[in-house]
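Notes for the one structure printed next.
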Amino acid sequence: CQLFMTLTSWTGGYRASTRGCSTATLKSISAWNLQGTQVTLAGTGGAPVAHLNSSGASRFDGSTTAGGQISFYR
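Counting in the numbering used here, the final residue of the sequence shown is number 209, and the numbers go up one at a time with none missing.
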């Protein structure tokens with residue numbers, strides 16, 4: 136699936152959305168925030184749904200709060 140991250144201020148950081156995701160967790164992503172090298176993806180209301188750490192110049196790997204693995208890259 137695809138993750139779209141913008142620099143528009145939003146609850147929990149900046150606005151984010153997904154397209155083509157099959158799980159409710161990924162479909163719920165509506166915000167993101169960067170602290171150091173860690174990205175937090177948040178759902179409705181700003182509750183964290185995933186935490187990812189930088190693992191390269193354009194790649195982040197981590198896990199959802201439900202325990203699933205998640206990665207994104209550009």
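Heads up, the beta-carbon is just placed ideally off N, CA and C, and yes, glycines get one too.
Residues of the same chain with a CB within less than 8 Å of the CB of Asp196, apart from the 5 flanking positions on each side, are Leu187, Asn188, Ser190, Gln204, Ile205 and Ser206 in chain order. Rounded to the nearest whole angstrom, the CA to CA distance from Gly178 to Ser157 is 15 Å. C-alpha of Ala192 to C-alpha of Gly180: approximately 30 Å in a straight line. When DSSP states are grouped into helix, strand and coil, Gly148 belongs to the strand group. Between Thr172 and Val184, the C-beta spacing is not below 8 Å.
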